[in-house]
Structures are given as structure tokens and as C-alpha cells.
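Contents: one structure, followed by commentary.
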Amino acid sequence: MSLAIVFTRAQLGVEAPLVTVETHLSNGLPGFTIVGLPETAVRESKDRVRSALLNSHFEFPQRRITVNLAPADLPKEGGRYDLAIALGILAASEQIPKEPLQKYEFIGELALSGELRRVNGCIPAGIACSNSERSLVVPRLNMAEAALCRNTHTLTASNLLSVCAHLHGRNELPEPLKPVPHNAFYDIDLGDVKGQPHARRALEIAAAGGHNLLFIGPPGTGKSMLASRLPTIMPALNETEALEVAAIRSIANNISGADWLSRPYRSPHHTASAVAMVGGGSNPRPGEISLAHNGILFLDELPEFSRQVLEVLREPLETGHICISRANAQVQYPAQFQLVAALNPCPCGYFNDGTDRCRCTPQQVSRYRNKISGPLLDRIDMHVHVGAIPLRELQEKPDGETSAVVRQRVVVSRERQLQRQQKCNAQLRNKELVKFCKLGEYEKELLATALVRLNLSARAYDRVLRVARTIADLAGCEKIEMPHISEALGYRSLDRAPSSNTLTPA
Ligand SMILES: [Zn+2]
2 MSLAIVFTRA QLGVEAPLVT VETHLSNGLP GFTIVGLPET AVRESKDRVR SALLNSHFEF
62 PQRRITVNLA PADLPKEGGR YDLAIALGIL AASEQIPKEP LQKYEFIGEL ALSGELRRVN
122 GCIPAGIACS NSERSLVVPR LNMAEAALCR NTHTLTASNL LSVCAHLHGR NELPEPLKPV
182 PHNAFYDIDL GDVKGQPHAR RALEIAAAGG HNLLFIGPPG TGKSMLASRL PTIMPALNET
242 EALEVAAIRS IANNISGADW LSRPYRSPHH TASAVAMVGG GSNPRPGEIS LAHNGILFLD
302 ELPEFSRQVL EVLREPLETG HICISRANAQ VQYPAQFQLV AALNPCPCGY FNDGTDRCRC
362 TPQQVSRYRN KISGPLLDRI DMHVHVGAIP LRELQEKPDG ETSAVVRQRV VVSRERQLQR
422 QQKCNAQLRN KELVKFCKLG EYEKELLATA LVRLNLSARA YDRVLRVART IADLAGCEKI
482 EMPHISEALG YRSLDRAPSS NTLTPA
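When the sequence shown is numbered by our numbering, its final residue is 507 and no position is left out of the sequence of numbers.
Here's what the structure looks like:
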């Protein structure tokens, strides 16, 4: 019977569901039909496959060819099915043997010459394939990504002919070289930052507990310099996390194998659209928040971002993923990022800086600040004021601790958290807060008094507890004590009753 079955993988968010390519040759008028919800690029596959077969000196069967991509309800896009379709036609017309095909899954776009082009989303396919008995064949240009999927038997091919030679048993396809895991590598260091002990301390707490952080200060005080150093003091990615990061990069066509244990750091400009930020589009791509998965999303000049962009951030900040609805499917991308935002104290930036440069009216200041909605502000655990450093201090201050020194403390405190509650403190839910952030009677009373006196919202209470938990963990204390709570209270300055002096340093 002129029927052939070839396996391949679709791409849906970070999932790569199995697709069976059924090819049937029948008598009748010669023709070539692809069914099974193919989108434009897949329909164009017909022309690429025909040319690739002819240019590789195979015969293109002059029969009625029907290719079915199953399951039919899964949307299919891109050129990734070309290789599987070509092999299906070759097997159905008995130009290659059928049996060996069952041991493999094939992904690859064909050039008209029969060469294999790079495809997006090779890592999700590799991860999914590791749960099957089959090996994965990918284009040679995807080798760097394929190498990261250590649990999958992967082979790389540069053209259609070499795949066919392999299936005939004439020539073995090569395996990609698996990388040796090394440490994360960053070309910047916390030691580059002069002064700012308060902000450095806040960074260390944020890194240890995974807290979202807001820097408030005039321009030129190094807010973005500080933020960009946060990944360098965080624990390196473990292999599972690194693979998640690489999978998203591989879908976004943004892969680099060299620094694959380093935490992502994304800093989109405030003109970024909602789609660029959260992902989507007619051919959905992950957005900045997913590219920042397991790392840092830095939003400089937070009030300048469009309201719509800031609103869409709320869901992923809560759930750690983003769902994008499309016409015929829903796509989900992970987005477990840590948010660092920066804010000028007023539209001109020099409010209350000790000079009289600022001419902003109290109304302008409060309108500026109110651009950030309460619910968004509510998801940020720490507010940190960054002041201008006097020139003399810049020249005389010795360099601060390096990232490696700070990271050691962060790692120890993370381990405490994971041992106690299997997650970092920023992710503690309300019930868990009660269990893991127990306060003594005296501490409870003090916190309650402070909330009233500092005019903090009730919602701030949980945030203070989480941060105090991290401060205690950094100090190696199982019990949360007074100094931990009072330091944590210092990171809630924007919660106070809205008036113009909410923006003065705490
Ligand atoms: Zn101003």
C-alpha cells in the first residue's frame, strides 16, 4: 500500500505536541494536497518539497498525493514540517525504506536545493521527544539548541540526502556535542557600583527572597546600573531552569549556547507595545516577560509605560505565566520573572533633591505617580530610594563587595528557604505566610502599631512579612525578630497616604 507514516512535532507555546504525517499516493489525476489545519507557510511546503526532492535527484511521484497532518485540530505553521512531508512522499513511493522511519521524529524546513534550514522551537521538541522512544533529527543549524537537550537522542543533518542516506543505513548522521555545564558568566559586577550601600543591601534582599523591587530616585543615580547587577548576585540557573530559558529563546529565535546558565535580564524601552511585552501576534511569539523567565525584567521610567502595558503585567506577576488566546488555540508561555522597576520622584526628576531645580507642582507629582496603578504597586515588595552620591564620596569610597561575595550569602539564604518551604519567600501564599512567618506577641504588636503610625495599607502587611522573612534568612535566624521587621518596614515608603511627601526618602 502506498501509505507512509512519519512523526514530527508542532509548536504551541512552549509545548511541542506530536504530529503524525500520513502520506498517501493514489491513482488519478496527479496532484498534491495537504490537509490538517495547515497555515500559509505549511501550504507553501508543497512547492519547497517538490523542488527539494527534484534537486536532490529523487523522483517526484506523478500520482495523487494526499498528506494529512494529524491531529487535525492542532494549528500548524511554519516550514518545520517540510522534512517530514518529503520523507513521507519518498517512503510512500518506495524510494526510501519505511521501517526505519518509525524510530525517529523529524523537524526541518527545506530549501529548494534540499538543504535544511533552521527552525524555531527546537528545544521544546527535544524536551517532548525525550519522553518517547524515538530519536530526534533536526537541521544542523539547530545544533547548539539540540545539544542542550541532554536527555534526548538527537541527530543533526544538513540536507535531505544525508537523512535518506542515514535511513538507508549508508551513512550515520552526527550527534551534536553536549555542552559541559559551567558557571553562569556575566561581564558586569556589583563591585563596579560605588557607594549606595542602602540600594546594594536592597538588591541583596531582593535576590535572596525573589522580591520585586522599585527604585525611586533622580536621573543619573545609577538605578539601571544597580538593576542590571541583580542577576550577577542570584544563584546560577540549574539545568531544568536553564532549559526552560533556552526553550523560550529557541522559540523567539534568540539562542546562544555559551552563557546558558546565566539568568536572563531584559530591559524593554517604555515605548514597547503590549504585544512586545507579553507576546502574541498572528504567529505568536513570546514577549519580554517570557524572555525574562527565571530572570529579571527591568522597567526603567515605569510611569512612562502605557497604562495598557502595565495592566497586562498584573496577571503574569501573580501566576508566573501568560495565556494568549488565538483564533483556534490558546497558547501559554511561562513568565516567572522578577520585576525591577525604576521611577523618577517627579516628572522632572529632581523633586526634593536638596536643590531648587524642581518646579513641579504637587498635582503634577501626584499625577505622575498615580500613573502606576495600586494593584501593580501592590505586587512590588520593596520600594527603595536611591539618592545622588556626592562627588567626593564617589572619589573616596572604596569599591564595594563583588558579586561573588554577595552571591554566596544569597545562595545560603535561598537554600534555607527551599529547605523550609520549597519556594522562595516572595512566592509564599497567604496560608503559607501564617505558617512560615510566625511572629512573637511582641513583634506582632509592634508591626500592628507601625502599620497604623506609618499609615500603611493592610495589604502592605503581607509584603512586610515576606521581606522580613528574607532578612531573617540572610541573618541565619529561624525566628523573625524586631530588627528584621523594622528594616522591612523601611521598604514600603510608597504605601503611605497619597500626598506629595510620599516621595521623600523614608
Ligand atoms: Zn520635578
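Using N, Cα and C, we set each Cβ at its ideal position, and we do this for glycine too.
V385 is bridged by DSSP to F216. Distances from the CA of Q409 to each of A209, S46, G109 and L55 were compared; the closest alpha carbon is that of A209. The DSSP-derived three-state label of G32 is strand. Assignment of H322 by DSSP, reduced to helix, strand and coil, places it in the strand class.
Per DSSP, the continuous beta strand (DSSP E) segment holding I6 begins and ends at L4 to R10. Per DSSP, F437 is one residue of the alpha helix (DSSP H) stretching across N431 to F437.
A Cβ closer than 6 Å to some heavy atom of ligand 1 marks a residue here, and those residues are C347, P348, C349, Y351, F352, C359 and C361. Note: S27 is bridge-paired with R65 in the DSSP secondary-structure output. With fewer than 16 other CB atoms across the displayed protein chains lying within 10 angstroms of its CB, Y443 is exposed. Every alpha helix (DSSP H) stretch that sits fully inside the stretch 187 to 261 and reaches 4 residues is listed by chain position as 198 to 210, 224 to 229 and 240 to 252.
Inclusion of Y187 and S263 in the CB contact set at 8 Å is warranted, their separation being smaller than that value. With the rule of 3 Cβ pairs closer than 8 Å, the stretch 438 to 456 does not count as touching the stretch 380 to 388. Annotated three-state conformation of T41 is helix, per DSSP. Classified as buried, G115 has 16 or more neighbouring CB atoms from the shown chains inside 10 Å of its CB.
Residue pairing by DSSP puts Y105 in a beta bridge opposite S136.
Given a length threshold of 4 residues, each whole run of the alpha helix (DSSP H) inside the stretch 303 to 365 is given here in chain order: 308 to 313 and 315 to 320.
The bridge partners DSSP lists for N160 are E116.
One thing to note: A53 has its Cβ no nearer than 8 Å to the Cβ of A93.
In this structure, DSSP gives K77 an extended state, which the three-state scheme calls strand.
The C-beta separation of V15 from I290 comes to about 13 Å, leaving the pair out of contact by the 8 Å criterion.
The beta carbon of L168 sits closer than 6 Å to those of I97 and P101, all from its chain and outside the five residues before and after it, given in chain order. Taking 8 Å as the upper bound for CB-CB distance, P39 and K77 are in contact here, some 5 Å apart. Rounded to the nearest angstrom, the gap between the Cα atoms of L447 and L318 is 30 Å. In this chain, L298 is not harboured by any alpha helix (DSSP H); it is covered by the beta strand (DSSP E) spanning I297 to L300. In this structure, L149 is the residue among L149, L303 and S494 with its C-alpha nearest to the C-alpha of N239. Looking at the backbone, the Cα of K179 and that of R151 are separated by about 7 Å.
The shortest CA-to-CA distance from I128 to any of V411, R493, E488 and Q12 is the one to Q12. Judged by beta-carbon spacing, A253 lies within the 8 Å limit of P287, meaning their Cβ atoms are closer than that value. By a beta-carbon distance limit of 8 Å, V120 contacts G79. Their separation comes to about 7 Å.
Taking all protein chains in view, the Cβ of T320 is surrounded by fewer than 16 other Cβ atoms within 10 Å, so the residue is classified as exposed.
In terms of Cβ geometry, T157 and P125 do not form a close pair [threshold 8 Å].
Note on V411: 16 or more other CB atoms within 10 angstroms of its CB, so buried under the neighbour-count rule. Contact between the stretch 342 to 350 and the stretch 323 to 334 is not established, with fewer than three Cβ pairs separated by less than 8 Å. It is roughly 43 Å from the alpha-carbon of G32 to the alpha-carbon of L292. Sequence-distant Cβ neighbours of L231 in its own chain, meaning closer than 7 Å and more than five residues away, are L204, A207, A208, I297 and V341.
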